[in-house]
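If you read the sequences in order, they're chains A and B.
The first sequence begins at 1 in full-length UniProt numbering and counts up by one.
The second sequence begins at 1 in full-length UniProt numbering and counts up by one.
Beta carbons: idealized from backbone N, C-alpha and C, even for Gly.
This structure is a prediction, so every number in the text was calculated from the model and none was measured.
I have placed the structure first, in the form of structure tokens, so that the comments after it can refer back to it.
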Amino acid sequence: MSDDELIWRIAGGSGDGIDSTSQNFAKALMRSGLNVFTHRHYPSRIRGGHTYVEIRAAEREVQSRGDGYNFLLSLGDSFARNPQEEAFYGNEEIKPLSENLDELREGGVIVYDSGLISDEDVADLNLEERAEENGWHVYPVDLRGLAKEHGREVMRNTAGVGVTAALLDLDLEHIEDLMSDAMGGDVLEANLEILHDAYEMTEEDFEFEHDLRAPTGDHDTEQALLSGSNAIAYGAIDAGCRFIAGYPMTPWTDVFTILSQNFPDMGGVSEQVEDEIAAAALAVGASHAGVKSMSGSSGGGFALMSEPLGLAEMTETPLVLIESMRAGPSTGLPTKPEQSDLEFVLYTSQADSQRVVFAPGNIEEAYEQTRLAFDIAWDYQIPAIVIYDQKLSGENKNVDIEFFDREVSPDLGSTLTEDELREAAHDNSGKFKRFNYEDAEDGVSPRSIPGQKGGRYLATGNEHSPVGHINEDPDNRVAQMERRLEKLEAIRTELDEERDSTQTYFGPDEADYGIITWGSSQGAVEEAIERLNNDGHSVKGISVSDMMPFAEKEVTEFLESVDEAMVVEMNATGQFRGLIQKELGRYGDKMTSLLKFNGNPFEPGEVVEGYEVNVAEEDQQPDAQVRIEPAAGD
Amino acid sequence: MSAFNAIGEEREIDRDEFTPGVEPQPTWCPGCGDFGVLKSLKQALPEAGKNPEEVLTVTGIGCSGKLNSYLDTYGFHTIHGRSLPVARAAKLANPELEVIAAGGDGDGYGIGGNHFIHTARENHDMTYIVFNNEIFGLTKGQTSPTSPKGHKSKTQPSGSAKTPIRPLSQSLTAGASYVARTAAVNPNQAKEIIKEAIEHDGFAHVDFLTQCPTWNKDARQYVPYIDIQESDDYDHDVNSREEAAEIMRETEDVLNEGTVLTGRYYVDDDRPSYQQEKKAVGEMPDEPLAERYFDDDAEWERSYDLLERHK
Ligand SMILES: Cc1ncc(C[n+]2csc(CCOP(=O)(O)OP(=O)(O)O)c2C)c(N)n1
Ligand code: SF4
């Protein structure tokens with residue numbers, strides 16, 4: 001839409017270095033003073049298949065991938081060929097070109113590798129005709145040949161970056177710096193040569209007929225380029241977490257990897273274990289023994305964690321679990337985002353089970369809410385879950401360095417020292433009344449750690465007496481149940497009264513129409529609301545993070561303040577809208593759902609369109625693969 | 001000063017300290033073999049110089065899982081089959097704790113079978129006692145992974161078509177560095193073996209034959225038994241993997257026919273424990289991780305330092 005932004009898409013095959021190239025390029029843009037946001041799309045395979053990364057860069061803040069894009073760098077897919085004619089990833093060679101054209105904006109720029117994508121293939125695509133229709137500017141460059149000249153065919157990515165820089169009039173300085181940091185010797189030499197040759201060759205060979213130039217910007221403070229997974233991992237580190245157990249499953253693997261790589265230097269312990277039941281059980285064991293620990297998975301693995309989750313709750317062992325959603329059911333679309341595990345995460349585990357669930361909506365929130373999850377879990381001895389998705393996991397955004405400058409919190413919450421234990425209540429045999437309900441505050445009875453003097457008790461998943469003996473006495477049962485149930489209410493009060501709200505608001509204070517969203521759809525909604533208001537509509541938004549205890553007060557106030565609302569989420573059944581209705585017991589007639597579940601996240605334009613279709617009250621559906629579920633009674 | 005003063009405390013320890021002073025009375029049936037395990041642990045722990053507060057007993061679910069309800073140490077009664085992952089993490093978090101995991105044959109070899117193999121493989125420094133009564137006790141007498149082929153129960157009314165599991169061989173193959181079998185009916189041997197298992201650095205697996213007079217009246221696995229260390233017929237080298245494998249095979253073949261061998265089957269004192277291996281590769285701190293949280297002078301690395309690479 002706007003001309004003051006660059007949305008650069010690099011497309012090719014998985015394993016072609018798309019990811020690392022784009023990371024570097026995004027960083028270079030950030031260093032040049034721009035705000036950046038990346039979006040990654042890849043198939044569930046290791047080599048080959050169509051994959052792309054988009055980098056959106058602008059002087060103003062960018063919170064979403066934007067709509068479409070305006071610069072395509074199309075590399076060939078040289079690694080893997082799919083032998084099956086009919087397979088979805090059919091003709092790999094032209095895929096990085098053909099597959100991407102639909103979303104390229106009018107007036108956009110195309111660079112493709114003529115060394116890998118032949119003229120014939122291009123002719124088959126009717127590229128010339130389409131370019132004319134859409135005002136695209138096409139620059140075929142033999143990137144492979146150029147890289148080959150310097151002896152490294154794989155460095156055609158670098159050639160592509162050189163061409164991009166020339167076409168956009170970008171300084172090569174930041175790219176050179178980043179390359180020098182990352183490599184050395186011959187490899188660096190070759191890359192730098194390729195970069196410069198490509199730059200110069202482009203300037204010499206082409207007459208630029210496009211208007212698109214890189215925007216300029218200037219940050220006040222130093223920036224860091226982080227992904228949601230980085231933010232969660234760093235949030236855990238600063239919360240004092242030093243034990244992680246896991247089993248790989250996309251997209252959670254990123255967090256697991258980051259912590260596994262950093263823990264040895266921090267005196268932490270990481271364990272890759274036999275399955276997710278074990279993983280969560282290990283986190284429980286480590287936490288019981290006095291270490292701040294966590295585990296996590298994606299839906300399928302989280303399913304296995306429901307047992308240890310309940311155990312942690314009943315034994316009041318603090319526990320943080322991370323749940324990274326992807327499209328399902330079952331293994332679903334392993335590398336595509338969805339927000340469809342909400343109900344699962346809220347209610348996993350048998351009986352009247354309670355846990356705390358936070359759903360961060362962007363990188364900063366991911367960091368803060370992970371810290372919050374640890375605080376709450378250790379203060380209240382209750383499982384806390386951070387739920388996010390493949391989109392937030394993999395997207396990168398620049399964050400002010402100053403945002404992070406804070407201390408590690410090794411505080412074990414409601415845990416006693418040996419001195420304190422001496423003063424605490426014990427039974428006649430000298431056992432510590434670990435699960436005392438008599439003077440528990442906010443439902444919390446402080447705990448001891450094995451090995452401490454005077455703290456002996458039994459933790460059990462069975463109902464138990466104050467010292468932890470298995471106990472089926474009805475009075476004890478009711479007292480213990482009521483004490484545990486008290487925690488969630490106390491947490492709700494703490495979140496409402498003592499802490500800054502984790503809900504995020506957009507748009508004007510007063511508006512006729514409301515958009516409600518959660519998690520990673522937040523960015524697209526934020527931008528859509530800005531556009532709608534710029535276009536004269538009256539729309540405001542709230543992005544909710546407190547899923548359990550639910551942000552009852554904030555959502556009620558929001559819904560009361562608007563005539564109508566649309567709930568935007570990436571799933572097919574409107575799970576979040578359902579949660580609002582369940583928690584608040586009303587507003588079923590006020591809320592429409594805008595749903596998307598095709599494996600791709602919302603673009604702001606789709607939210608705008610959803611609003612328009614909905615408000616026009618026409619009995620129709622938006623164009624894209626996005627669906628409207630009307631309000632009750634509609 | 002350590003935050004865990006109970007650990008390594010040296011004093012005379014009376015075995016009664018391991019008995020809870022106030023309730024609960026064991027709910028086990030009269031004649032249950034589980035009493036034998038409890039008793040041998042109460043004897044072995046003080047003899048091994050352990051005091052109740054430095055010991056963490058982690059159990060699963062079943063009659064067997066109630067062990068730590070009747071034993072006054074720090075305890076964690078977990079869920080069916082999951083004692084091992086909980087226990088080994090506690091040991092990783094604080095290697096100075098004496099960690100003992102226990103559970104039934106259904107618990108340990110059935111639902112928890114995967115954890116059993118992996119804990120043995122990694123050779124975690126801990127003791128694992130499996131109450132092998134060849135039956136599901138707490139759920140009232142169903143066929144278990146160690147029940148003999150042909151065993152009839154309400155859920156396998158025509159007699160089990162399955163060959164029983166071979167816990168000793170399995171543990172040896174998986175990598176346990178101490179494998180023994182003892183029986184509730186031989187308290188002296190049981191105590192000695194448990195004590196050795198506690199003192200062993202590495203994964204010590206004790207298959208503990210316990211009778212279930214309520215649901216498994218026909219089981220003959222505990223009479224008569226022969227102590228392989230005491231008997232002249234078995235001149236077997238406990239440090240030899242081959243000999244251990246052979247003797248395990250023999251006894252596991254005839255277990256349900258009446259001749260039962262007990263004693264130490266395999267001891268490998270040279271294999272480093274998992275904790276040692278993990279320290280050697282730099283994946284575990286030298287000081288117990290759990291101590292850091294109580295140490296006001298501990299230096300905590302901040303994520304802020306990691307941000308350099310994101311600039
Ligand atoms: C996940 C799960 N499945 C089933 C049960 C029910 N259950 C409780 S004890 C038990 C079997 C116990 O048998 P075993 O482990 O041999 O111990 P024993 O009672 O004989 O000592 C089962 C199946 C459970 N508690 N949890
Ligand atoms: S049912 Fe069997 S195992 Fe359980 S307590 Fe009774 S005798 Fe012991």
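Under the three-state reduction of DSSP output, A/Q522 falls in the helix class. Near ligand 2, meaning a beta-carbon closer than 5 Å to one of its heavy atoms, we find B/W28, B/C29, B/C32, B/C63, B/G137, B/C212, B/T214. DSSP places A/M201 in the uninterrupted alpha helix (DSSP H) bounded by 185-205.
Of A/I232, A/F404, A/A351, A/Q354, the smallest CA-CA separation from A/G361 is found for A/I232. For A/P264, the enclosing alpha helix (DSSP H) has its first and last residue at 253-266. In this structure B/S158 does not touch B/K149 by the C-beta definition: roughly 12 Å separates them, more than the 8 Å allowed. Restricting attention to A/I7, A/V255, A/R355, A/M570, the CA atom closest to the CA of A/G235 is found in A/V255. Within the model, the alpha-carbon separation for A/S180 versus B/N94 is close to 43 Å. Per the DSSP secondary-structure output, A/K540 pairs in a beta bridge with A/G514.
When DSSP reads this structure, A/W8 sits in a beta bridge with A/I55, A/F71. A/F358 and A/L346 have their alpha carbons spaced roughly 10 Å apart. In this structure, A/A283 places its C-beta atom within 9 Å of the C-beta atom of A/L319. Here B/A184 carries a coil assignment [DSSP, helix/strand/coil].
Only exposed fits A/R422, as fewer than 16 other CB atoms lie within 10 angstroms of its CB. When CB distances to chain B are screened at a threshold of 9 Å, the residues of the stretch 347-381 of chain A falling below it are Y367, in chain order. The DSSP-derived three-state label of A/I628 is strand. For B/A298, the number of other beta carbons within 10 angstroms of its own is below 16, and it is reported as exposed. If you draw a 10 Å sphere on the C-beta of B/T59, you find 16 or more other C-beta atoms in it, and that means buried. Closer than 8 Å to some heavy atom of ligand 1: that does not describe the Cβ of B/T155. In the structure shown, the three-state DSSP call for A/K397 is strand. For A/D512, the CB contacts under 7 Å within the same chain, skipping 5 residues up- and downstream, are S538, V562, D563 in chain order. Restricting attention to B/L97, B/I135, B/D286, B/A89, the CA atom closest to the CA of B/G108 is found in B/I135. Within the stretch 238-260 of chain B, no residue has a Cβ lying closer than 8 Å to any Cβ of chain A.
Collapsing the DSSP output to three states places A/F597 in coil. B/V260 is positioned such that its CB atom lies no closer than 9 Å to that of B/A176. Counting C-beta atoms within 10 angstroms of its own C-beta, B/T119 has 16 or more neighbours from the protein chains shown and is therefore classed as buried.
No Cβ-Cβ contact shorter than 9 Å links B/A204 with B/E192. Residue-level contact check: A/H196 does not touch chain B, since none of the beta carbons of chain B fall below 9 Å from its beta carbon.
Contacts with chain A at 9 Å (Cβ-Cβ) include B/I117. Collapsing the DSSP output to three states places A/F558 in a helix. Across the set A/T38, A/K292, A/R130, the C-alpha of A/T38 shows the shortest separation from the C-alpha of A/L226.
If you ignore the 5 residues before and after A/I516, its C-beta comes within less than 6 Å of the C-beta of I542, A565, V567, all in its own chain and listed in chain order.
The beta-carbon distance between B/S2 and B/E287, rounded to whole angstroms, is 10 Å. This is too long to meet the 8 Å contact definition. Contact check between the stretch 441-455 of chain A and the stretch 50-59 of chain B: three or more CB pairs, one atom from each, fall below 8 Å, which counts as touching. For the 9 Å CB-CB criterion, A/L75 and A/R152 do not form a contact. Note on the stretch 363-430 of chain A: whole alpha helix (DSSP H) runs with a minimum of 4 residues are 363-380, 390-394, 418-423, in chain order.
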